[in-house]
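Working notes, structure below.
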Amino acid sequence: MELRYRRASSWEFDLIMKEAEKFGELKHEFFGIVEGKFRDVYAVNEEVWREIENLKVKPYAFGTFVGTIKVDKNLVEKFYPNIEFFYFVDIKKNYAVLKPKTAFLFTTGKDVPKKGVKEYNWQGSKKLVILNEEGLILGLGIINPKSEKKFIKNITDIGEFIRRHK
């Protein structure tokens, strides 16, 4: 399968923007797409993009990989962000700041008890961006407001790559 690379279309940019708006404001405006089985989305600066356009060899990837655009089970196109995407978003809502011990445990794949949350802002989205007290993005979780022990379920975290089995 041959990979195609191109700028994100206005439709794709709208999908990216829609996801960002659930958490705050998108701080980046230029995205590239590597199209293969899926459409992988990369945050790219325009200077790098101009260099890529002049290459004779097509790149496999460029910029920072921030997610994938896929068709969901309801046959609707959707942008699925990874953790790095949220470094391009000014996070103002739907986040949780964890206490130090809980933050460490979250990066080992553990769920978060309510007593381990220092502060949170929840405005409708079940998905939350999880941060430590220094503002480092630790991962993503799903809020369960009815549970004290599993207040936030770990979806993905920065320690996942290390825990992955070959």
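Okay, so the sequence shown: first residue is 1 according to UniProt numbering, each after it adds one.
Beta carbons are placed, not taken as given, at the ideal position from N, Cα and C, and that holds for glycine.
Ends of the alpha helix (DSSP H) at residue i?
i	result
Val48	46-53
Glu19	10-21
Answer yes or no: do residue i and residue j have a C-beta to C-beta separation smaller than 8 angstroms?
i	j	result
Ala155	Gly139	Note that residue 155 is Ile in the sequence shown here, rather than Ala. Their beta carbons are under 8 angstroms apart, which means Ile155 touches Gly139 by this criterion.
Gly36	Arg7	no
Lys153	Ile137	no
Ile52	Phe38	no
Val89	Gly24	yes
Lys93	Asn121	yes
Pro113	Glu84	no
Phe79	Val129	no
Tyr5	Val41	no
Hey, how far is the Cα of residue i from the Cα of residue j?
i	j	result
Ala96	Lys56	45 angstroms
Phe104	Glu160	13 angstroms
Val150	Lys115	Reading off the sequence shown, one finds Lys at residue 150, where the question assumed Val. Approximately 10 angstroms between the Cα atoms of the pair.
Arg50	His28	17 angstroms
Asp14	Leu3	23 angstroms
Val71	Ser125	20 angstroms
Thr108	Ile158	9 angstroms
Glu133	Asn45	29 angstroms
Leu98	Leu131	6 angstroms
Val48	Asn54	10 angstroms
Glu77	Glu12	9 angstroms
Asn144	Arg164	26 angstroms
Phe106	Gln123	22 angstroms
residue 254	Lys127	Outside the displayed span of the chain (1 to 166) sits residue 254, for which this structure offers no information.
Leu26	Asp111	28 angstroms
State the start and end residues of the unbroken beta strand (DSSP E) segment that holds residue i.
i	result
Ala43	39-43
Val66	64-71
Ile33	31-35
Lys78	77-81
Val89	89-91
Leu26	24-26
Decide if the stretch 65-81 is in contact with the stretch 7-20; the criterion is three or more beta carbon pairs, one per stretch, under 8 angstroms apart.
Per the Cβ contact rule, the stretch 65-81 is in contact with the stretch 7-20 (3 or more Cβ pairs under 8 angstroms).
Considering only residues of the UniProt domain "UPF0113" (95-164), which uninterrupted beta strand (DSSP E) runs meet the minimum length of 3 residues and lie entirely inside it, listed in chain order?
Counting only runs of 3 or more, we get 95-98, 117-121, 127-131, 137-143, 152-157.
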